[in-house]
Amino acid sequence: MSLWVFAEAVPGVITDYEGEWFDVFFVRMQNDTVEYYNLDNLNLLKKIYKLDLRRIELKTSDSVLQVDLDLSDFEWEITKDSVEQIADVEEPEKGFAYLLVKSNPEGARVYVDGVLTDGVTPLILEDLAAKKSQIMVRKYLKGVDWWGSLEVELVNGDTTEVEIKLLKPHTQFSVQTVPTDVEVYIDNRPSLNTMPKYISDTVITNIRPGPHRHITFFKEGYYDTTVVVDIEAFMPNLIGVDLRIIKEDLIKLDEQLNFAKSRKKRWVGRGMWYSAIIPVLSSGVLYYLANSDWAKAADYKYMYEDAAFHSTETDRFIKENSNLNDSGDLKAKIAAGIGTVGLALVLTGIVLHF
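Offset between the sequence shown (1-based) and the working numbering: plus 1.
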């Protein structure tokens, strides 16, 4: 039995390894206590929390394996019947990058790639890995945690200075799925008249917090999945779901494919309805202008027919009458063509929709 420890201080993972991952615990510090969450998909966990292998101290006894994480002041114990082998993990070379972190306002805690550091801003950090890192700052203000973040490129041997503004907290909901490109519905379900508002992986901001929110996931070739979660206010709520692939249930798979096809046709038809609005309105406007030209032409005809004798003025009336009639006829023909296109879109939309 080998033990590997993945740690990021605030989230960490402890798991047993014996040929395949068979026992996974997600460990989180919460109010000075340790919370354990059983997970059965390490790949999903690694996808959500970009986990980093770090060196740890291991102590063994007959029945107790102690894991002392150097990233925190806590000692966690996992009771096992026996310990046959312990695998230590080499710590990656950190490099010699330096970072000066300032925040507005000052006095914020600093996280580097999710790892809580010692001290508050303004803070100088030494011996960091020379790479692109996510820097986050946090401070408790007005009863809630205010956060700020910035991605920075740390250069080997250089000191990088950043100033991060703490932002007013808002509720957000991060959705991660395996596979990706999954339709996500909040307190709703997929139907012929409902298209997805969100596609995973996604971060939903300004979502209404509350308990027992139903989150439904749909993707062709996978079983529909619904989970019930509590979305906490002013927190970066996170959910990860591993959809189960449909392997042998051909009836279910056929139902999904027919549903997706019918929904697509319906929404294409609805799109055609909306597309028909412009040509129909344009046809109506052109027909109105054509009638206006014909009315003016009729006025000029009345004037030259009512004239007592022929003159240059009557010649102008005759020419204006002819030009206006031609203009009205052209506009009417264009209106008829555009109107035909609009009518065709409407009829095709009706056929596809129903």
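A virtual CB, placed ideally from N, CA and C, is assigned to each residue, including glycine.
Mind checking whether Y303 and T315 have CB atoms under 8 Å apart?
No, the Cβ-Cβ distance between Y303 and T315 is not below 8 Å.
Below 8 Å, can you find three or more Cβ-Cβ pairs linking the segment 238 to 255 to the segment 269 to 288?
No: the two stretches stay apart, fewer than three of their Cβ pairs being nearer than 8 Å.
Using CA coordinates, which residue listed in L290, D300, P180, S134 is at the minimum distance from A98?
Here the closest residue by C-alpha is S134.
Kindly give me the distance between the Cβ atoms of I208 and I240, rounded to whole angstroms, as I take these residues to be in contact under 8 Å.
About 12 Å; that fails the 8 Å criterion.
According to DSSP, is H354 helix, strand or coil?
Looking at H354 - three-state DSSP - the assignment turns out to be helix.
Here's the rule I'm using: 16 or more other beta-carbon atoms within 10 Å means buried, otherwise exposed. How should K334 be labelled?
Exposed is the call here.
Counting Cβ pairs, one atom from each stretch, are 3 or more of them under 8 Å apart for the segment 145 to 155 and the segment 181 to 189?
Cβ pair count under 8 Å is below three, so no.
Can you check which of these residues, I187, G108, Q177, G270, is closest to D204 by C-alpha distance?
Residue identity check: residue 204 is Val in the sequence provided, not Asp. For V204, the nearest C-alpha among the options comes from Q177.
Any chance the segment 138 to 145 sits against the segment 107 to 126, with 3 or more Cβ pairs inside 8 Å?
Cβ pair count under 8 Å is three or more, so yes.
Between E152, Y301, K220, Q173, which lies nearest to P163 when the distance is taken from Cα to Cα?
Sequence check: residue 163 is Val here, not Pro. When each option's Cα is compared against that of V163, the closest is E152.
Between L101 and K132, which are expected to be in contact by the criterion C-beta below 8 Å, what is the C-beta distance as a whole number of angstroms?
About 17 Å; that fails the 8 Å criterion.
Could you pull out every residue in the same chain whose Cβ sits closer than 8 Å to the Cβ of L244, ignoring the five residues on either side in sequence?
So the list reads T178, V179, P180, V183, F218, K220, Y223, Y224, T226, once near-sequence residues are dropped.
So, with DSSP's three-state summary, where would you put K334?
DSSP places K334 in helix when its eight states are reduced to three.
Per DSSP, which residues does H215 bridge with? Please list them.
Paired residue(s): V229.
Find out if the Cβ-Cβ distance for the pair L282, A336 is shorter than 8 Å.
Contact: no.
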